[in-house]
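Using our numbering, the letters of the sequence shown correspond one by one to residues 723 to 1336.
Reviewing the structure listed below.
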Amino acid sequence: MMVEVEGEKVEEGEKVEEEGEEEDEIVLKSIEEIINCLLQSLQVQDTVVRWSAAKGLGRITERLSRESGDLVVESILQLLTGRDSDKAWHGGCLALAELARRGLLLPERLKDVAPLVEQALTYDEPRGVYSVGMNIRDAACYLCWCIARAYHTQHLQPYIQPLATALIIMALFDREVMCRRAGSAAFQEHVGRQGTFPHGIEIMTSIDYFAVGNRTNTYLTLSVMVARYPEYTEAIIGHLVEKKTNHWDPLIRQLTAKALHNLTLISTQYISEHMLPKLISGVSSKNMITQHGSLLSLAHVVQALATVAEREEVPLRVYIDADINHEILTLVPGLQERQLFRGYSGEFIKEATAVLIQKISLAKLPIDNYKHILKVWQDLLEEWMVYVDKNIRTLSLEALATLWNTYYQYNSPQYNIEWRNNLVQRYINIIQTTKGEHTCVGYTAAIGCLPKSLACEDYTINQRGDIGSVVRETALIALKTLTQAVLTEAEPELLTEITVSEMMARVCQQAVERIDRTRKVAGRTFAALLYSTPPLPHIPFEAELKSLFPLDACAEMNWSSETHTHPLFIQLLDLPRYRYRMLLGVTYSAGGISAGLTRHTSEALHTYLNSRST
């Protein structure tokens, strides 16, 4: 049939075909406009709009051809090219998840999607005192969950290990409980449907929905359990060092440091060789957050390396060589030269530096060629222990006590009587002359942190003999006076069971040692404490002690005479709480240079042993 169109004759069928093509073109243009609108909606402010747009794209793409659907996927992937727009990342992850759930994300596209998924799982962009990215990480977990349900195992095989590692890191170390649980759910879906994740079932029983709810538990306990599987060890440690030591939340940085301490115990060589230099380098960063996190982590790693070296009975230099030791010891003077202790940010650096000094002291790093650094450390800690911030004061006092107990013991090269006397006198003068509350509290607490070698365990010997005995005797008198003052002021709660127990044991040790004068002071102190008024609480085996030392006998006892006291004090070997200290004291006496003291001590000990052997 012929029809005439604008003066021309054409077949009616040809006209219908042309009209159909025009209609198809109009429809395709309309769909393209709708898809563009939805793609734009993936980047808008409102979450509900992005979520609705993602579902709309999934439904429309389901009705497009294979080629057209792939173009939609490519357009979505272009939204995930930068890290400027967190809205685009969130919308893009939701859209990809909807496409994957419907089987519209072709297997050949996985090579493009997989790297973007890994980036999305760790997306965390700081914005002042907070960050954005929680919703992106949650959407990325949803995408992983959909991928587990949509693809055959052979399609996912090249991406199994990185995907498993990323989800484990999410479940263990994400700041938000919602994201940790989302990561756990996605991991569980892969284990159940694919069954290809290394050690999937064993790990899944550890990082289930409830276990990952406690952030401290995931960092300090679950991370160690998972890191024991070699497929995940280095990735977990690397993530903590590279991503969490510079996290914007200081609590995360603190947890990271403690987690690295625990992980060092199971992956010592790797952390020593690869992570320790990175942490030292991080301290030199210009970013305060990185400096703070690196200092904290370095401190805990150094202590852990020392623990491993002690456990394996090898020198610490096996894990911390001379060059690394030099870099660690010179960090604090370097921070001081760069004036990083000033201002608000300096408070974080002060806290971390105090922790570093404490951990170095606990690790007992060799300082043979760096003794001048000890004064730098002590001066800084003395300055900070009177700082207005209570946390800084507390950390500084803890570090100062550890520093003294490690590097200023009576048998250390740094220890001498002049240093000890000057230190105590200087602190007392400051307390007596200052009116500042923080200063008084700080220096008073510092005196309480003095090492034990400054008191009952001062055995300093020089050409004049055991000159430390004078300190021990003064300490015994001070113990008696201070204890009676506390009891008189009706504050017995200050005298805890542990304090009284240790005090009585040490007094008994001094009562059987080799110097007559010291034994006399110790004996009188012992009797005064045993029969004090008001009575001293928590004395271990008080009834047994009073049976051996009746009040009348104590009043007439010649405490300096070993013939009178040693046979009685030797009986305390029957009492577990006194046994160790008594053995120390008896050993000193039995090995002394006085023949009479050695003979009487040995006889008392033999008599005791013979009576117990029958």
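Each residue gets a CB set at the ideal place from its N, CA and C atoms; glycine is no exception.
The C-alpha of T1196 is placed about 29 Å away from the C-alpha of D1296.
Comparing C-alpha distances from V851 to each of D971, K809, L1125, A907 shows the shortest one belongs to D971.
The residues D792, in chain order, have a CB closer than 7 Å to that of L828 in the same chain once the five nearest residues on each side in sequence are set aside.
A check of alpha carbon separations from V899 across P848, G917, G1056, M856 identifies M856 as the nearest.
Pairing E953 with P920 gives a Cβ-Cβ distance under 9 Å. Contact between the segment 1088-1101 and the segment 1051-1064 is present: three or more C-beta pairs spanning the two stretches fall below 8 Å.
Burial is judged here by how many other beta carbons sit within 10 angstroms of a residue's own beta carbon; Y931 has fewer than 16 and is exposed. The DSSP-derived three-state label of S797 is helix. Between I1046 and P999, the CB-CB gap stays under 9 Å.
Between the beta-carbon of T1285 and that of H1322 there is about 5 Å, and that keeps the pair under the 8 Å contact cut. When E1059, V770, Q765, K777 are compared, the shortest CA-CA separation from R823 is found for K777. Here the segment 931-944 does not lie against the segment 871-888, with fewer than 3 beta-carbon pairs under 8 Å apart. Scanning its chain for C-beta atoms nearer than 7 Å, with the 5 sequence neighbours on each side dropped, one finds around S853 the residues D846, E847, W970, in chain order. In terms of Cβ geometry, Q1013 and L1062 form a close pair [threshold 9 Å]. Taken in chain order, the unbroken stretches of alpha helix (DSSP H) that lie wholly in the segment 881-912 and span 4 residues or more are 882-895. By the neighbour-count criterion, in which 16 or more other beta carbons inside 10 Å mark a residue as buried, I1199 falls on the exposed side. In this structure, the CA atom of C868 is about 6 Å from the CA atom of A819. Here the C-alpha atom of S790 lies approximately 10 Å from the C-alpha atom of E796. S1118 carries a helical assignment under DSSP once its states are collapsed to helix, strand and coil.
L1078 places its beta carbon less than 9 Å from that of A1021.
Distances from the alpha-carbon of M1304 to those of A1312, F1291, G1313 put F1291 closest. Of the other Cβ atoms in all chains shown, fewer than 16 fall within 10 Å of the Cβ of L1204; this residue is therefore exposed. Within 10 angstroms of the beta-carbon of Q879 lie fewer than 16 other beta-carbons, which makes it exposed. Per DSSP, Y1066 is not a residue of any beta strand (DSSP E); the alpha helix (DSSP H) it occupies stretches across 1065-1085. Residue T783 holds the alpha-carbon nearest to the alpha-carbon of I756 among T783, L1270, W773. Sequence-distant Cβ neighbours of A1312 in its own chain, meaning closer than 8 Å and more than five residues away, are T1320, T1323, S1324, L1327. A straight-line Cα-Cα distance of about 31 Å links N1280 and T1218. Close CB contacts of E1215 within its chain, under the 6 Å cut and outside five residues either way in sequence, are absent.
Excluding residues up to 5 positions away in sequence, T967, L1001, G1004, V1005 lie with their Cβ nearer than 6 Å to the Cβ of S1016 in the same chain. In this structure, DSSP gives S853 an extended state, which the three-state scheme calls strand.
Here I929 is near S906, since their CB atoms are less than 9 Å apart. I1114 and L832 have their C-alpha atoms roughly 51 Å apart. Note that the C-beta distance between V1040 and A1031 is below 9 Å. The three-state secondary structure of E784, taken from DSSP, is coil.
Residue environment for A1277: exposed (fewer than 16 other C-beta atoms within 10 angstroms of its C-beta). The alpha-carbon separation between D1274 and L1119 amounts to approximately 45 Å.
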